[in-house]
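First the structure, in the form of structure tokens, and then the observations on it.
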Amino acid sequence: MKRSMHLVLLLCLVLVLTISGCSKPEQAASSDGAAPAARQFVTIGTGGVTGVYYPTGGAISKMVNNQSDTYNLKVTVESTGGSVYNVNGIMSGDLEFGIVQSDRQYQAYYGTDEWEGKPQEGLRAVFSIHPESISLLAADDAQIETFTDLIGKVVNIGNPGSGQRGNAIDAFSAFGIDVDNDINAQGLQAAESASALQDGQIDAYFYTVGHPNGSFKEATAGARKAHFVDITGPAVDALIEKLPFYANSVIAIKDYPNASNTQDVKTFGVKATLCTSAAVSDEIVYAITREVFENFEEFKTLHPAYANLQKEDLLAGLSAPIHDGAMKYYQEVGLK
Ligand code: GLU
Numbered sequence: 001m002k003r004s005m006h007l008v009l010l011l012c013l014v015l016v017l018t019i020s021g022c023s024k025p026e027q028a029a030s031s032d033g034a035a036p037a038a039r040q041f042v043t044i045g046t047g048g049v050t051g052v053y054y055p056t057g058g059a060i061s062k063m064v065n066n067q068s069d070t071y072n073l074k075v076t077v078e079s080t081g082g083s084v085y086n087v088n089g090i091m092s093g094d095l096e097f098g099i100v101q102s103d104r105q106y107q108a109y110y111g112t113d114e115w116e117g118k119p120q121e122g123l124r125a126v127f128s129i130h131p132e133s134i135s136l137l138a139a140d141d142a143q144i145e146t147f148t149d150l151i152g153k154v155v156n157i158g159n160p161g162s163g164q165r166g167n168a169i170d171a172f173s174a175f176g177i178d179v180d181n182d183i184n185a186q187g188l189q190a191a192e193s194a195s196a197l198q199d200g201q202i203d204a205y206f207y208t209v210g211h212p213n214g215s216f217k218e219a220t221a222g223a224r225k226a227h228f229v230d231i232t233g234p235a236v237d238a239l240i241e242k243l244p245f246y247a248n249s250v251i252a253i254k255d256y257p258n259a260s261n262t263q264d265v266k267t268f269g270v271k272a273t274l275c276t277s278a279a280v281s282d283e284i285v286y287a288i289t290r291e292v293f294e295n296f297e298e299f300k301t302l303h304p305a306y307a308n309l310q311k312e313d314l315l316a317g318l319s320a321p322i323h324d325g326a327m328k329y330y331q332e333v334g335l336k
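Here is the structure:
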């Protein structure tokens, strides 16, 4: 097994142990001598460890855990298979929060795609976070210069719980390419993609993700040279026209000095959003919302993908109703 895989497995193990070690309610210290209330623990579902969701979960939890005693609340972070997994985890009660692509939030709430005929009416939006691009990285030796060059190639379109899998399928269908017959589609986890490209197991991979991120840094730093492929043209324009959650997007190539591209990459994108369930208490959702907004300048320093964020952007791109606890904060500060 590759060293990088060992590292990923080790990280996952540490994470699982951390989370399971935290699952028992602990008695919070009480300064006034009153009976201590049980501290509450909540978990945010994120994505693969080399993406942006995982450090984003870490950034949110840091903001809240700085005030753990104020709220009697501790936030932990779990690495997961991505957006679809997170929606389903929130709805089953396995997760209290999850980071979810804006398109997946829309589909889950209105009952389309993975949730066809099963609208997730209890899904609630908290806020939007960073923009994500539908990103396609190809090995230079695989001769993939344009999107249609993917025909006949081995392409990781993402694991079934991921957000990118649906975006890749949308892009293929926009270009009239049959995912089942025209390409050799793989369903690897996002954290496996970079080493799979370097090892020659795949020719290219999709990842719907903020930039810069560890996955593409790793994939462009290896011996097998790689480049991003534009996803543009009339087919993509029509897709954006048809599906309101998609918008044009650009990947700044300065983020990846080792990629073979010489120009910024044109593609389309969505937004990362924080979601929860109507069943999660107003107090907990209020605490998380308040701490991220009140410490927004510090929050923004925690990942370069947040560089251009404005507070107002955090309320755009939400399809599910805003959770009452978040709304209470937005009304208090005049954002709603
Ligand atoms: N957008 C990806 C997904 O929903 C995850 C990206 C990330 O982990 O940063 O599966």
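Counted from 1, the sequence shown has number 203 at position 203 by the working numbering; the numbering is strictly sequential.
Using N, Cα and C, we set each Cβ at its ideal position, and we do this for glycine too.
Assigned exposure category for residue 333 - 16 Cβ within 10 Å defines buried
Residue 333 sits at position 333 when you count from the first residue of the sequence shown. The residue in question, residue 333, is exposed, as its Cβ has fewer than 16 Cβ neighbours within 10 Å.
Alpha carbon of residue 269 to alpha carbon of residue 249, nearest angstrom:
Residue numbering aside, residue 269 sits at position 269 when the sequence shown is read from its first letter. Residue numbering aside, residue 249 sits at position 249 when the sequence shown is read from its first letter. Straight-line Cα distance between these residues: approximately 5 Å.
Around the C-beta of residue 337, are 16 or more other C-beta atoms found within 10 angstroms, so that it is buried, or is it exposed?
There is no way to answer for residue 337, as the model of the chain reaches only from 1 to 336.
Residues bridged to residue 154 [DSSP beta-bridge criterion]:
In the sequence shown, residue 154 corresponds to position 154, counting from 1. In the DSSP assignment, residue 154 forms a beta bridge with 184.
In whole angstroms, what is the alpha-carbon distance linking residue 302 and residue 195?
In the sequence shown, counting from the first residue as 1, residue 302 sits at position 302. In the sequence shown, counting from the first residue as 1, residue 195 sits at position 195. Roughly 26 Å between the two C-alpha positions.
Where residue 131 sits in the DSSP three-state scheme:
If you number the sequence shown from 1, residue 131 lands on position 131. Three-state DSSP puts residue 131 in a strand.
What I want to know is whether the C-beta of residue 93 ends up closer than 8 Å to one or more non-hydrogen atoms of the ligand GLU.
In the sequence shown, counting from the first residue as 1, residue 93 sits at position 93. Every heavy atom of the ligand GLU is 8 Å or more from the Cβ of residue 93, so no.
Report the three-state DSSP secondary structure of residue 144 (helix, strand or coil).
For this step, residue 144 is matched to residue 144 along the sequence shown. Of the three classes helix, strand and coil, the one that applies to residue 144 here is coil, per DSSP.
Does residue 166 pass the burial test, meaning 16 or more other C-beta atoms within 10 Å, or should it be called exposed?
Here the question's residue 166 lines up with position 166 in the sequence shown. Using a 10 angstroms sphere on the CB of residue 166, the tally of other CB atoms reaches 16 or more, which defines it as buried.
When DSSP labels each residue in this structure, what does residue 322 get in the three-state scheme?
Working through the sequence shown from its first residue, we reach residue 322 at position 322. Residue state for residue 322 is assigned as strand, using DSSP reduced to three classes.
Alpha carbon to alpha carbon, how far is residue 307 from residue 56?
For the purposes of this step, residue 307 is taken as residue 307 along the sequence shown, with counting starting at 1. For the purposes of this step, residue 56 is taken as residue 56 along the sequence shown, with counting starting at 1. If I take the Cα positions, the gap works out to 13 Å.
Less than 7 Å between C-beta atoms, sequence neighbours within five positions excluded: which residues of the same chain meet that for residue 172?
Translated into positions along the sequence shown, residue 172 becomes position 172. If we look at residue 172 and ignore the five residues flanking it on each side, its Cβ neighbours are 179.
Nearest candidate by alpha-carbon position, reference residue 90, set 66, 124, 111, 291
Translated into the one-based positions of the sequence shown, residue 90 becomes position 90. Closest by alpha carbon: 124.
Quick check: does the Cβ of residue 66 come within less than 8 Å of any heavy atom belonging to the ligand GLU?
In the sequence shown, residue 66 corresponds to position 66, counting from 1. Checking every heavy atom of the ligand GLU against the Cβ of residue 66, none is found closer than 8 Å.
Residue 259, DSSP secondary structure in three states:
The residue labelled residue 259 in the question sits at position 259 within the sequence shown. Of the three classes helix, strand and coil, the one that applies to residue 259 here is coil, per DSSP.
Assign residue 33 to one of two classes, buried (16 or more other C-beta atoms within 10 Å of its C-beta) or exposed (fewer than that).
Here residue 33 corresponds to residue number 33 of the sequence shown, with the count starting at 1. Low local confidence applies: a pLDDT of 36 at residue 33 is under 50, so the model's placement there is unreliable, with the coordinate-based value given in what follows. With fewer than 16 other Cβ atoms within 10 Å, it is exposed.
So does the stretch 130 to 140 actually touch the stretch 224 to 239, counting three or more Cβ pairs closer than 8 Å?
yes
Beta-carbon proximity of residue 204 to residue 137, cut-off 9 Å
Sequence index remark: in the sequence shown, residue 204 carries index 204 (1-based). Sequence index remark: in the sequence shown, residue 137 carries index 137 (1-based). Their beta carbons are under 9 Å apart, which means residue 204 touches residue 137 by this criterion.
Buried or exposed: which applies to residue 289, given that a residue is buried once 16 or more other Cβ atoms fall within 10 Å of its Cβ?
As a first step, residue 289 must be located in the sequence shown, where it is residue number 289. Residue 289 comes out buried.
Suppose the cutoff is 7 Å on Cβ atoms and the five residues either side in sequence are ignored; what does the same chain contact list for residue 296 look like?
Here residue 296 is taken as the residue at index 296 of the sequence shown, counted from 1. Cβ within range, chain order: 311.
By the three-class DSSP mapping on this structure, what secondary structure does residue 32 have?
Residue 32 sits at position 32 when you count from the first residue of the sequence shown. Low confidence applies to residue 32: its pLDDT is 41, below 50, so where it sits in the model is not reliable, and the reading given next is rough at best. If DSSP states are grouped into helix, strand and coil, residue 32 belongs with coil.
Measuring straight from C-alpha to C-alpha, what distance separates residue 142 and residue 335?
On the sequence shown, position 142 is the one that residue 142 refers to. On the sequence shown, position 335 is the one that residue 335 refers to. Going from the Cα of residue 142 to the Cα of residue 335 covers about 49 Å.
Based on the DSSP secondary-structure assignment, which residues constitute the bridge partners of residue 223?
Taking the sequence shown and counting its residues from 1, the one referred to as residue 223 is at position 223. BP columns for residue 223 are empty, so no partner.
Residues of its chain near residue 251, where Cβ-Cβ distance is below 7 Å and the 5 sequence neighbours each way are ignored:
Locating residue 251 in the sequence shown gives position 251, where the first residue counts as 1. Excluding its 5 nearest sequence neighbours in each direction, residue 251 has C-beta neighbours in its own chain below 7 Å: 133, 135, 211, 228, 264, 265, 267, listed in chain order.
Candidates 244, 261, 255, of which the one nearest residue 225 by Cα:
Working through the sequence shown from its first residue, we reach residue 225 at position 225. Among 244, 261, 255, the Cα nearest to that of residue 225 is on 261.
When the Cα of residue 148 is compared with those of 37, 128, 236, 284, which residue comes out closest?
Indexing the sequence shown from 1 puts residue 148 at position 148. When each option's Cα is compared against that of residue 148, the closest is 236.
Bridge partners of residue 204, per DSSP?
Taking the first residue of the sequence shown as 1, we reach residue 204 at position 204. BP columns for residue 204 point to 138, 155.
Residue 274 - partner residues in DSSP beta bridges:
What you label residue 274 is simply residue 274 of the sequence shown in a count that begins at 1. For residue 274, which the question treats as bridged, DSSP gives the partners 99, 127.
Among the residues of its own chain, which have a CB less than 6 Å from the CB of residue 118, if the five just before and after it don't count?
Looking up residue 118 in the sequence shown gives position 118. Result list for residue 118: 111, in chain order.
Cβ of residue 213 within 8 Å of any heavy atom in the ligand GLU?
In the sequence shown, the residue the question calls residue 213 occupies position 213. Yes, the ligand GLU has a heavy atom inside 8 Å of this Cβ.
Closest to residue 274 by CA distance: which of 48, 318, 299 is it?
Position 274 of the sequence shown holds residue 274. Among 48, 318, 299, the Cα nearest to that of residue 274 belongs to 318.
Assuming residue 78 is part of the beta strand (DSSP E), what are its boundary residues?
Here residue 78 refers to the residue found at position 78 when the sequence shown is read from its first residue. Note, residue 78: beta strand (DSSP E), 73 to 78.
Continuous alpha helix (DSSP H) stretch holding residue 288: start and end:
Residue numbering aside, residue 288 sits at position 288 when the sequence shown is read from its first letter. That run of the alpha helix (DSSP H) goes 282 to 294.
Excluding five sequence neighbours on each side, which residues of the same chain lie with their C-beta closer than 6 Å to the C-beta of residue 20?
Reading the sequence shown from its first residue, position 20 is the one you call residue 20. With a pLDDT of only 40 at residue 20, under 50, the local geometry of the prediction cannot be trusted, and the value read off the model is given with reservation. Same-chain partners within the cutoff: there are none.
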